[in-house]
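Protein chains in written order, with the working numbering: chain P, 1 to 241; chain R, 1001 to 1241.
Where is the CB? At the ideal position from N, CA and C, for every residue including glycine.
Here the structure is a predicted model, which means the values were calculated and not measured.
Number of protein chains: 2
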Amino acid sequence: MLTVVGMGPGSFNNMTPAAHQAIENAEVIVAYQYYLQFFEEIIEGKEVISTGMTGEIERCRQAVNVALQGKEVALVSSGDSGIYAMAGLVFEILAAETLELEVKVIPGITASIAGAALLGAPLMNDFCHISLSDLMTPWEMIEKRLHAAAQGDFVICLYNPRSKGRPKHLAKALDIIREYKGGDIVVGIVKDIDREGEQAIITSIDTLDEELVDMTTTVIVGNKYTKVYGDYMYTPRGYDL
Amino acid sequence: MLTVVGMGPGSFNNMTPAAHQAIENAEVIVAYQYYLQFFEEIIEGKEVISTGMTGEIERCRQAVNVALQGKEVALVSSGDSGIYAMAGLVFEILAAETLELEVKVIPGITASIAGAALLGAPLMNDFCHISLSDLMTPWEMIEKRLHAAAQGDFVICLYNPRSKGRPKHLAKALDIIREYKGGDIVVGIVKDIDREGEQAIITSIDTLDEELVDMTTTVIVGNKYTKVYGDYMYTPRGYDL
Chain P
1 MLTVVGMGPG
11 SFNNMTPAAH
21 QAIENAEVIV
31 AYQYYLQFFE
41 EIIEGKEVIS
51 TGMTGEIERC
61 RQAVNVALQG
71 KEVALVSSGD
81 SGIYAMAGLV
91 FEILAAETLE
101 LEVKVIPGIT
111 ASIAGAALLG
121 APLMNDFCHI
131 SLSDLMTPWE
141 MIEKRLHAAA
151 QGDFVICLYN
161 PRSKGRPKHL
171 AKALDIIREY
181 KGGDIVVGIV
191 KDIDREGEQA
201 IITSIDTLDE
211 ELVDMTTTVI
221 VGNKYTKVYG
231 DYMYTPRGYD
241 L
Chain R
1001 MLTVVGMGPG
1011 SFNNMTPAAH
1021 QAIENAEVIV
1031 AYQYYLQFFE
1041 EIIEGKEVIS
1051 TGMTGEIERC
1061 RQAVNVALQG
1071 KEVALVSSGD
1081 SGIYAMAGLV
1091 FEILAAETLE
1101 LEVKVIPGIT
1111 ASIAGAALLG
1121 APLMNDFCHI
1131 SLSDLMTPWE
1141 MIEKRLHAAA
1151 QGDFVICLYN
1161 PRSKGRPKHL
1171 AKALDIIREY
1181 KGGDIVVGIV
1191 KDIDREGEQA
1201 IITSIDTLDE
1211 ELVDMTTTVI
1221 VGNKYTKVYG
1231 DYMYTPRGYD
1241 L
């Protein structure tokens, strides 16, 4: 069996018992090598298959192949394994090659949820997730979704907001959102969640310092009603107080 | 201090160590009475304040008041405490009454993420959450968001999809989505996640049996590329296999 495990943002503290158990029960662990440090204690003595950053397809294929040989395999993702992560790729590979394999997906806390908790409560009303990486989605489609999300006044969680290879994506996205919501909309920035250097910053579209944003950052743009109180950002749900 | 705790979908298995710890460390627990059964062992001997289903505002106010008296209070929500739940209401109350209180939000696994894991991997591309409850959001706004989300071909997670008081909301929502995506779009239905009677059903807009859907159900409508393979529903991410 292949278990795809979401380990949460990056510490044991936010990894569920189900995820922990799945890693402990596996005979073979497949993971991006950087993540191994987060569960060193429970994988001692197990077979470990790890590759670097861009090896997702290779890691998934190896996990599938070893599981097809009858071994208990845990394929580990950070965050939730089904949100822009490894679980879907496993099904894509199985379908493309008409392979039969029992797959179990263990959910995990994704960056938007962990980030929202650090900021206050920005996700109290309808919200969406958009990845600004155009490695696999054409930029035109990303722009179309930004327009739709801003028009519907969703709270918008931006994943992969900015990288060295895509330094202008965040600015372009915020320009589109500004057209509909205005520049004083509250924006929360969360960096290195659950890791050293964890940081939550509350700002607005107009005052945001882009240099703060890199690939380990999640950006949450509020809706028109999102407010700041003290150190917290929150979106009212509509209660009549 | 007031800690707002997301306990996940409904079993210890999906409650994080951070959530568990926050409940254990509190002197006073405030929770909807039905949820107390899920953490009975760790609240023995603690002061418990609980109210029925519609008592959210009252529960939050009580939690705030007791915390202002200097006690360590854990206010417990199911799922994630910041997604259509209690954390935002706490900040609304603090802001409305200009109260100063240290608040910590502990994230939890929300129904869409736990439900997606049971279905396969439907959330692998851009997605949104829309609550179909018009108790606090006008139905016109909900319809506007449904149009926007369908137009942007987001995967759409519907919360509060149908209840006795709102039997037609799901059908109305699916009619709007059908206009843009067609009736053969894959739909996943998850019921009673992590509880007795847990069920995951894969169907389509046209073949969905509305009677299966009630307030304990989350409905996930795929995007145009969402596929079914075996018992699983998944949305391709765009990998070139």
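For Q1199 (chain R), the enclosing beta strand (DSSP E) stretches over residues Q1199 to S1204.
The Cβ-Cβ distance between V187 (chain P) and L208 (chain P) falls below 8 Å. Looking at the backbone, the Cα of E1027 (chain R) and that of P1017 (chain R) are separated by about 18 Å. When the alpha-carbon of N1125 (chain R) is set against those of P:N125, P:M136 and P:D126, the nearest one is in P:M136. Residue environment for D231 (chain P): exposed (fewer than 16 other C-beta atoms within 10 angstroms of its C-beta). When only Cα atoms are considered, A1149 (chain R) and A148 (chain P) end up about 7 Å apart.
In this structure L1119 (chain R) is not in contact with L1158 (chain R), their Cβ atoms being roughly 14 Å apart against a cut-off of 8 Å. Residue range W1139 to Q1151 is occupied by the alpha helix (DSSP H) that includes K1144 (chain R). Within the segment 1056–1092 of chain R, the beta strand (DSSP E) runs of at least 3 residues that lie entirely inside it are, in chain order, 1073–1077.
Within chain R, not a single residue places a beta-carbon under 8 Å from that of I42 (chain P); the smallest gap is close to 13 Å.
Interface with chain P (8 Å Cβ-Cβ cutoff): T1235 (chain R) is included.
Excluding residues up to 5 positions away in sequence, F38, S78, I193, D194 and R195 lie with their Cβ nearer than 7 Å to the Cβ of G10 (chain P) in the same chain. Shortest Cα-Cα distance from V1213 (chain R) to any of R:G1222, R:I1201, R:K1224 and R:N1223 involves R:I1201. Per the C-alpha coordinates, the member of P:I42, P:R145 and P:K164 positioned closest to A173 (chain P) is P:R145. Within chain P, not a single residue places a beta-carbon under 8 Å from that of F1038 (chain R); the smallest gap is close to 13 Å.
The beta carbon of V1064 (chain R) is closer than 8 Å to those of L1002, V1090, I1093, L1094, L1099 and L1101 in its chain, skipping five residues each way along the sequence. For R145 (chain P), the nearest CB of chain R lies under 8 Å from its own CB, placing it at the interface with that chain. Residue nearest to L241 (chain P) within the set R:K1046, R:C1060, R:S1050 and R:N1013 is R:C1060 (criterion: CA-CA distance). P:P161 is the residue among P:Y180, P:A22, P:P161 and P:K224 whose C-alpha sits nearest the C-alpha of M215 (chain P).
Around the beta carbon of P1167 (chain R), fewer than 16 other beta carbons sit within 10 angstroms, so the residue counts as exposed.
Rounded to the nearest angstrom, the Cβ distance from A74 (chain P) to I109 (chain P) is 18 Å, too far for a contact under 8 Å.
Straight-line measurement puts the Cα of I156 (chain P) at about 33 Å from the Cα of G1197 (chain R).
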